[in-house]
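J.: Chains as they are written, first to last, in my numbering: chain A, -1 to 285; chain B, -18 to 338.
From the three backbone atoms N, C-alpha and C, an ideal C-beta is built for every residue, glycine too.
1. Would a C-beta distance cut-off of 8 Å place residue 291 of chain A and residue 186 of chain A closer than the cut-off?
2. Need the endpoints of the alpha helix (DSSP H) that residue 239 of chain A sits in, please.
3. Could you tell me whether any Cβ in chain B is nearer than 8 Å to the Cβ of residue 7 of chain A?
4. Mind checking if residue 59 of chain A is an interface residue toward chain B, Cβ cutoff 8 Å exclusive?
5. Pick from B/195, B/281, B/175: whose alpha carbon is nearest that of residue 218 of chain B?
6. Just to make sure I have the definition right: I need the residues of chain A whose C-beta is within less than 8 Å of the C-beta of residue -2 of chain B. Which are they?
7. In the DSSP assignment, what residue or residues form a beta bridge with residue 61 of chain A?
8. Under 8 Å Cβ-Cβ, which residues of chain A neighbour residue 276 of chain B?
9. Please name the residue, chosen from A/172, A/162, A/167, A/128, that lies closest to residue 202 of chain A on a Cα-to-Cα basis.
10. Using three-state DSSP, classify residue 89 of chain B as helix, strand or coil.
11. If you measure beta-carbon to beta-carbon, which residues of the region 74 to 91 of chain A are closer than 9 Å to chain B?
12. Note down, in chain order, every chain B residue with its Cβ under 8 Å from the Cβ of residue 110 of chain A.
13. Distance check for residue 184 of chain A and residue 237 of chain A, CA to CA, integer angstroms please.
14. Just checking: is the beta-carbon of residue 96 of chain A within a distance shorter than 8 Å of some beta-carbon in chain B?
15. Just curious, the alpha helix (DSSP H) that residue 293 of chain B is in, first and last residue?
16. Does the Cβ of residue 210 of chain A have 16 or more other Cβ atoms within 10 Å, making it buried, or fewer, making it exposed?
17. Am I right that residue 267 of chain B and residue 87 of chain B are in contact with their C-beta atoms under 8 Å? What's the rounded C-beta distance?
18. What are the residues of the region 261 to 294 of chain B that lie near chain A, defined by any Cβ-Cβ distance shorter than 8 Å?
19. From the beta carbon of residue 122 of chain A, is the nearest beta carbon of chain B less than 8 Å away?
20. Leaving out the 5 sequence neighbours to the left and right, which residues in its chain are closer than 6 Å to residue 318 of chain B when beta-carbon positions are compared?
21. Need the endpoints of the beta strand (DSSP E) that residue 112 of chain A sits in, please.
22. Given that residue 178 of chain A touches chain B, what residues does it touch there, using C-beta distances under 9 Å?
23. Could you spell out where the alpha helix (DSSP H) holding residue -4 of chain B opens and where it closes?
24. Do residue 220 of chain B and residue 236 of chain B come within 8 Å of each other at the CB atom, strictly closer than that value?
25. Looking at the structure shown, is residue 321 of chain B part of a helix, part of a strand, or coil, going by DSSP?
26. Just the C-alpha distance for residue 34 of chain B and residue 66 of chain B, rounded to the nearest angstrom, thanks.
27. Look at the Cβ atom of residue 42 of chain B, then the Cβ atom of residue 50 of chain B, and state whether they are nearer than 8 Å.
28. Helix, strand or coil, according to DSSP, for residue 281 of chain A in the structure here?
29. Which one of B/174, B/21, B/250, B/62 has the shortest CA to CA distance from residue 136 of chain B?
30. Label residue 116 of chain A either buried or exposed according to how many other C-beta atoms from any shown protein chain fall within 10 Å of its C-beta, with 16 as the threshold for buried.
31. Quick check on DSSP: helix, strand or coil for residue 10 of chain B?
32. Given residue 56 of chain B, which residues of its chain have a CB within under 7 Å of its CB, disregarding the five upstream and five downstream residues?
33. Along the chain, where does the alpha helix (DSSP H) that runs through residue 84 of chain A open and close?
34. For the alpha helix (DSSP H) containing residue 169 of chain B, list its first residue and its last residue.
35. By the DSSP assignment, the beta strand (DSSP E) with residue 296 of chain A in it spans what residues?
36. Could you check what DSSP says for residue 118 of chain A in three-state terms: helix, strand or coil?
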């Protein structure tokens, strides 16, 4: 997979960002390639979510800048950003009794004014978002009555209703069982393939990242270690170096994509090395 | 269950989504409010039939009836409606902002700040008190509402500053507010204990929240504030809807979070402080009314307009109860508190059950 010739619409340039104390992400440069699914992976606390939130303008870098369509994102108005870039936060909250249709309708917020709160266009886009995510039948149900997977599909529908080319998803599969994780990520793939959305997301599960990404970005201690196609990125060496994990990388016979298989029993066999590398990872990522 | 949905309302390029159940509840509430107002105007030393009250309001009636209804009774009833609506709106705004039913201006200490200011003026101005007539006459007349207003505003400012931690922390807001309220109540008690018995008595009357003898001079500031802050609140409702999904989601949807939070707080505190300045602390109105309205309209947050209507109904109802039903005169604030306190307990017990269930 080669990088596109034109500069990507969204990117970070030498970004340093934190929450007041030590920076969590340091001098990081990343292009989110247009039209592809990019997944950021890395050990806990290595700055994945911080990076994604910075890309969405939720955090302000202490130095460097995020670039959106050639402009510094800080100079673009909140409303304009929300018309070009949608974000699904890590743990969004919904009030009790909120209906799926109302949640998805909120996605239209950036396109509405006080005098135009439910145009035919709003209605059309919301219906399309509901249908694409298979939540049309659930539209009159309260969000808190749904299963985890259904609920997450409704949230994806909301970001879809925002009608932006760029979609950022912060751990969209957290707290879901495997079948629902696959369901949500299949939906993300369709967003990308059928609707041409550029997707950048944070995932925990390396095998799902390998299965569903065009580009994988591996982070450790606030910096990018490597990036590329899943096949390029996932190697036994990298897994040991970044995650402190002894694992075999096999080829999925169906897709040809890499599959990460942790080597069981290593902790007992060579406790010293694993413990050592794990504590290195913890030290480098502890925030 | 058949769900009653929102219906689109479109006029050319203009469009809104009207939540049908909330609209119906608000309309029914308005009808009830009108009925209560008519009955409230009809009772008193010279009872006037409700039908005559209605025709007087519409421009009919004889001179005597006109005088009693329009001059003597209407001002107090209008104050009751305006204060109820203002408090209902203020509570709906803060409870939605903080995503917490406890976050109403009376629980957050704003009302206690107003009470502290007012009691300070009463005690210091007491002719025979050790304040020695520091504040008297015209100044006292003007000073009491002004002191209440300033007390509420200062408390709100303090609340805002103390709740700030890399942005407005809503959980912190509630805790800080409850703490401030307790401190201010202690301050008020201190003033009362150290005051002359006459001053303490008159302060106590003010503290129970009374509609008795309220005229246009009390109603005008509340109505003016409503005229300014209601449109602002309605503009902020869209942002509030997005803010209910969490700070990150709201900003992702294009809400200018800090501006919207500040706007909501300014509106709520403005409405509360003019209300308290007008009639004293009507306990629990801002707290209870939005929650009742929420349960009636069945939405996902306290409804703005229905809360205003319900606030009017509760306060006019309390006025009517104290003037016509109870065998002895009682300040309206005691009636609203008598309804509000058990409701608070019920709400807490219910929340507890749901968590353990």
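T.: This is what the structure gives:
1. Nothing can be reported for residue 291 of chain A: it is not among the residues displayed for chain A, which extend from -1 to 285.
2. Numbered from 1 along the first chain, position 241 holds the residue referred to as residue 239 of chain A. Unbroken run through residue 239 of chain A: none, as it is neither H nor E.
3. By 1-based counting over the first chain, the position of residue 7 of chain A is 9. No, residue 7 of chain A lies away from the interface with chain B (no Cβ there is under 8 Å from its Cβ).
4. Here residue 59 of chain A refers to the residue found at position 61 when the first chain is read from its first residue. Output row for residue 59 of chain A: interface = no.
5. By one-based count along the second chain, residue 218 of chain B stands at place 237. It is B/281 whose Cα lies nearest to the Cα of residue 218 of chain B.
6. Start at 1 with the first residue of the second chain, and residue -2 of chain B comes out as number 17. Near residue -2 of chain B (Cβ distances below 8 Å), the residues of chain A are 103, 115, 116.
7. Taking the first residue of the first chain as 1, we reach residue 61 of chain A at position 63. In the DSSP output, where bridge partners are listed per residue, residue 61 of chain A has A/14.
8. Along the second chain, one-based indexing puts residue 276 of chain B at 295. Neighbours of residue 276 of chain B on chain A: none; closest Cβ ~10 Å, over 8 Å.
9. Stepping through the first chain from its first residue, residue 202 of chain A is reached at position 204. That would be A/172, whose Cα lies nearest to the Cα of residue 202 of chain A.
10. Within the second chain, residue 89 of chain B is the residue found at index 108, counting from 1. If DSSP states are grouped into helix, strand and coil, residue 89 of chain B belongs with coil.
11. 75, 76, 77, 78, 79, 80, 81, 83, 84, 85, 86, 87, 88, 89, 90, 91
12. As a working mapping, residue 110 of chain A is identified with position 112 in the first chain. Per Cβ cutoff of 8 Å: 219.
13. Translated into the one-based positions of the first chain, residue 237 of chain A becomes position 239. Translated into the one-based positions of the first chain, residue 184 of chain A becomes position 186. Cα-Cα distance, rounded: 25 Å.
14. Translated into the one-based positions of the first chain, residue 96 of chain A becomes position 98. With 8 Å as the cut-off, residue 96 of chain A counts as an interface residue toward chain B.
15. Against the second chain, residue 293 of chain B aligns to sequence position 312. Element bounds for residue 293 of chain B: 285 to 301.
16. Counted from its first residue, the first chain places residue 210 of chain A at position 212. Buried.
17. By 1-based counting over the second chain, the position of residue 267 of chain B is 286. By 1-based counting over the second chain, the position of residue 87 of chain B is 106. Between residue 87 of chain B and residue 267 of chain B the Cβ distance is about 5 Å, and since that is below 8 Å, they are a contact.
18. 279, 280, 281, 282
19. Counted from its first residue, the first chain places residue 122 of chain A at position 124. Judged by the 8 Å Cβ criterion, residue 122 of chain A is not in contact with chain B.
20. Translated into the one-based positions of the second chain, residue 318 of chain B becomes position 337. Cβ neighbours of residue 318 of chain B beyond the five flanking positions: 264, 265.
21. On the first chain, residue 112 of chain A is found 114 positions in, with the first residue counted as 1. Residue 112 of chain A -> no beta strand (DSSP E), and no H or E assigned at all.
22. Within the first chain, residue 178 of chain A is the residue found at index 180, counting from 1. Here the premise fails: no neighbours, minimum Cβ distance about 20 Å.
23. Here the question's residue -4 of chain B lines up with position 15 in the second chain. No alpha helix (DSSP H) holds residue -4 of chain B; the beta strand (DSSP E) holding it covers -5 to 0.
24. Here the question's residue 236 of chain B lines up with position 255 in the second chain. Here the question's residue 220 of chain B lines up with position 239 in the second chain. In contact: residue 236 of chain B and residue 220 of chain B (Cβ atoms closer than 8 Å).
25. As a position in the second chain, residue 321 of chain B is number 340, starting the count at 1. In the structure shown, residue 321 of chain B sits in a helix (DSSP, three-state: H, G or I).
26. By 1-based counting over the second chain, the position of residue 34 of chain B is 53. By 1-based counting over the second chain, the position of residue 66 of chain B is 85. Distance between the alpha carbons of residue 34 of chain B and residue 66 of chain B is about 22 Å.
27. As a working mapping, residue 42 of chain B is identified with position 61 in the second chain. As a working mapping, residue 50 of chain B is identified with position 69 in the second chain. It is a contact, given that the beta carbons lie within the stated cut-off.
28. Position 283 of the first chain, counted from the start, is the residue given in the question as residue 281 of chain A. For residue 281 of chain A, the predicted model reports a pLDDT of 40, less than 50, meaning its position is unreliable and no value from the coordinates is stated.
29. Within the second chain, residue 136 of chain B is the residue found at index 155, counting from 1. Checked all of B/174, B/21, B/250, B/62; the closest Cα to residue 136 of chain B is B/250.
30. The count along the first chain starts at 1 and reaches residue 116 of chain A at position 118. Buried, since its Cβ has 16 or more Cβ neighbours within 10 Å.
31. The count along the second chain starts at 1 and reaches residue 10 of chain B at position 29. Helix.
32. As a first step, residue 56 of chain B is located in the second chain; it is residue number 75 there, counting from the start. Result list for residue 56 of chain B: 195, 196, 197, 200, in chain order.
33. The residue given as residue 84 of chain A occupies position 86 in the first chain. Note, residue 84 of chain A: premise wrong, no alpha helix (DSSP H); beta strand (DSSP E) at 83 to 86.
34. As a working note, residue 169 of chain B is residue 188 in the second chain. Start and end: 151 to 174.
35. Because chain A spans -1 through 285 in this model, residue 296 of chain A falls outside it and cannot be assessed.
36. Locating residue 118 of chain A in the first chain gives position 120, counting from the first residue. The answer is helix: DSSP assigns residue 118 of chain A an H, G or I state.
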